[in-house]
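In full-length UniProt numbering, the protein residues as written are 1 to 75.
Idealized CB from N, CA, C, for every residue including glycine.
What follows is a short report on a single structure.
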Amino acid sequence: MGNTSCELQDLPNRLYERARAYVIEVSMGKSKIVVNSKTNTSEDFYMNDEKLEEVTNLKYVSVTMSKDGTSAAAV
């Protein structure tokens, strides 16, 4: 995805701009970020100048993705 925090910050910015190009509204209240890292570091990331909530895991389409890089699918 990205090797530096600047490269990683570019991803939500690109998503937001792409959504706007197709007149799609991004729900900032529902937008979260999981940072996968072997070192337990934390950094703030923003989309449209709003800070994204960092979570340790999230569920998306029945798959739980975790901060340690693991994922599990619900059957």
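Query raised in the report: Quick one: Cα of V55 to Cα of V35, how far?
Result: Within the sequence shown, residue 55 is the residue found at index 55, counting from 1. Within the sequence shown, residue 35 is the residue found at index 35, counting from 1. When only Cα atoms are considered, V55 and V35 end up about 8 angstroms apart.
Query raised in the report: Buried or exposed: which applies to Y46, given that a residue is buried once 16 or more other Cβ atoms fall within 10 Å of its Cβ?
Result: Taking the sequence shown and counting its residues from 1, the one referred to as residue 46 is at position 46. Result: exposed.
Query - Nearest-angstrom beta carbon gap, K38 and D44 [assumed within contact, 8 angstroms] - result: Within the sequence shown, residue 44 is the residue found at index 44, counting from 1. Within the sequence shown, residue 38 is the residue found at index 38, counting from 1. Not confirmed; about 20 angstroms, so no contact.
Query raised in the report: What are the boundary residues of the alpha helix (DSSP H) that includes N40?
Result: Within the sequence shown, numbered from 1, the residue matching residue 40 stands at position 40. It is not in any alpha helix (DSSP H) - N40 carries neither H nor E in the DSSP assignment.
Query - Nonlocal neighbours in the same chain, by C-beta distance under 8 angstroms from I33, ignoring five residues either side - result: Along the sequence shown, one-based indexing puts residue 33 at 33. Around I33: P12, F45, L52, E53, E54, V55.
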